[in-house]
Amino acid sequence: MSDKIRINFLHPTNPSQSLTARVPPEMTAAWLVEQLIVRGFIPQSSEVGQYKLQDIRTNNLLHDDQSLLAAGVQDGASIRVIHATTGAEVGPR
Amino acid sequence: MKPGELIERRRFDFRVVSDMRGPVFDFEAYRSRADLERRRNPITRPEDGGQASKYRMTLRVPTLVGPGEFAPETVFGVDLDVYNYPLAEPLTWVISRPIPWSPHFKEGAPICIGTEFWVARKGHVTLGDLVIHIAMMLNWDEKGRGPGYVGWNKEALEYHAEHYQGRSLDPDFRYPTLPVWLFGAASSGPEPSFEVIERTDDDVPEW
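Chains A and B are the protein sequences, given in the same order.
Using this note's numbering, read the first sequence as starting at 1 and increasing by one per residue.
Using this note's numbering, read the second sequence as starting at 1001 and increasing by one per residue.
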């Protein structure tokens, strides 16, 4: 497994809340969302895929099964957790 | 158990049994009973382990399937998606045929793992422990469940008593073992994958 990278997660609704963690870069967006739920940073979603992750630097939206490495997320990156609504478009507009 | 905790428990179980794979034990993990029955979409990545609730397990433990007859392996199912897991024992059933000739195995019924093995331990038991327990039952390697116990197969029990005098089928059999990291071996235990460094929020207490 590769060396971990440092990621700063930004809360979907409260800009003052953030969580910084060191994570393996080969882990997927879906796994990261699960970790954030388990640690109480974001509430349990009622539907699969309700949360999405967005790299602030590139504005790239990570697919659920896409790893940080594959998405080009770098050490020290800030990632915004987006609360996606089913049927609605997510990401930058 | 909260949904998030259950996901973590399932991931933990998946990790434990993943590190027990070998010549004697192997498994496939699935998200649903339908996937298990069709053997499609198996869960293979550790990061997906939290979704693993159905297992198709194979134990290559020679076991009696009739008087003097042996089967080299037994395939069985395990379903963690039961109310109050892990306090409640997972559902188990035999998939392969013939069914082991034993008081603990019966067609169309759960494997009789015993309440003292799972329920009495109040959740402090892993899926890996269950694998070892069933392996030992297949090898008739147990202390017994008291005088008068006949389980589902009195005939098999009497046969075993007559031919093995209480011994296991193979006293030298080497069972799968729990991963060493489970016992807190510092040198072999991987560090937590998701390592929180800092958290800034007003409402959520520290953990």
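Ideal Cβ placement from N, Cα and C applies to all residues, glycine included.
- Here Val-1017 of chain B has Phe-1027, Leu-1127, Gly-1128, Val-1131 as same chain residues with Cβ atoms under 7 Å from its own Cβ, once five neighbours each way along the sequence are excluded.
- For Leu-1157 of chain B, the three-state secondary structure derived from DSSP is helix.
- The beta-carbon of Pro-25 of chain A is placed no less than 9 Å from the nearest beta-carbon of chain B.
- Interface criterion not met: the Cβ of Ile-1043 of chain B is under 9 Å from no Cβ in chain A.
- In this structure, Thr-1074 of chain B places its C-beta atom within 9 Å of the C-beta atom of Leu-1138 of chain B.
- When Cβ pairs closer than 8 Å are counted between the two stretches, the region 23–35 of chain A is seen to touch the region 65–82 of chain A, the count reaching three or more.
- B:Asn-1041 is the residue among B:Glu-1198, B:Asn-1041, B:Ser-1168 whose C-alpha sits nearest the C-alpha of Arg-1056 of chain B.
- Of all alpha-carbon atoms in B:Glu-1008, B:Trp-1101, B:Arg-1121, the one lying nearest the alpha-carbon of Pro-1062 of chain B is that of B:Trp-1101.
- Shown here, Ala-77 of chain A sits in a strand according to DSSP, grouped into three states.
- With a cut-off of 8 Å on Cβ pairs, the region 1159–1175 of chain B is not in contact with the region 1114–1128 of chain B, counting fewer than three such pairs.
- Assignment of Gly-1022 of chain B by DSSP, reduced to helix, strand and coil, places it in the coil class.
- For the set B:Arg-1038, B:Phe-1014, B:Val-1082, B:Gly-1077, the Cα lying nearest the Cα of Ala-1052 of chain B is the one of B:Phe-1014.
- For His-11 of chain A against Phe-41 of chain A, the beta-carbon gap comes to about 7 Å, under 8 Å, which counts as contact.
- The residues Trp-1140, in chain order, have a CB closer than 7 Å to that of His-1160 of chain B in the same chain once the five nearest residues on each side in sequence are set aside.
- For Asp-1026 of chain B, no Cβ of chain A is located within less than 9 Å of the residue's own Cβ.
- For Gly-1128 of chain B, the enclosing alpha helix (DSSP H) begins and ends at 1127–1138.
- For Asp-1019 of chain B, the CB contacts under 7 Å within the same chain, skipping 5 residues up- and downstream, are Pro-1179 in chain order.
- Nearest to Phe-1194 of chain B by C-alpha distance, out of A:Ser-16, A:Ile-37, A:Thr-13, is A:Ile-37.
- For the C-beta of Thr-20 of chain A, the chain B residues within less than 9 Å are, from N- to C-terminus, Val-1196, Ile-1197, Glu-1198, Arg-1199, Thr-1200.
- Residue contact check for Gly-40 of chain A against chain B: a CB pair falls below 9 Å.
- Contact annotation for Pro-1003 of chain B against chain A: Gln-44 [CB-CB distance below 7 Å, chain order].
- Against chain B, the beta carbon of Thr-28 of chain A has neighbours under 9 Å at Arg-1045, Glu-1047, Asp-1048, listed in chain order.
- Inclusion of Gln-74 of chain A and Thr-1200 of chain B in the CB contact set at 9 Å is not warranted, their separation being larger than that value.
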